[in-house]
Amino acid sequence: MTIRRATAFICATAFATSLALVPAVASAAPPGATAATYYKNCTEVRNAGKAPLREGDDGYADHLDRDGDGIACE
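Residues -28 to -1, 1 to 46 in mature numbering (1 follows the signal peptide of the UniProt record, and there is no 0) are what the sequence shown spells out, letter by letter.
And the structure:
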């Protein structure tokens, strides 16, 4: 292997490794949202006919559960 080929191999390997270390793109939902559906506030939940939301339900998020009892928009 020539120096040029070795250098190209090392550069390509380093680039591929660095891509593997790049974290995945964050979702559009803010931290604390646990589902694919995101509601900005309880008004949106009620307008969607989904209130109350329970922990584990699609759309449940910590910011909707004021008292922290696992039931949001009650």
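The C-beta atom is built at its ideal place from N, Cα and C for all residues, glycine as well.
Quick caveat, the model's predicted, so the values are computed rather than measured.
{"Check": "Residue 15, enclosing alpha helix (DSSP H) - first and last residue", "Outcome": "14 to 19"}
{"Check": "Alpha carbon of residue 39 to alpha carbon of residue 8, nearest angstrom", "Outcome": "23 Å"}
{"Check": "Given residue 27 as reference, the closest of 12, 10, 41 and 11 once Cα atoms are compared", "Outcome": "41"}
{"Check": "Beta-carbon proximity list for residue 43, same chain, < 7 Å, skipping 5 on both sides", "Outcome": "24, 26 and 37"}
{"Check": "Same chain only: Cβ atoms within 8 Å of residue 14, ignoring 5 sequence neighbours per side", "Outcome": "23, 36, 44 and 45"}
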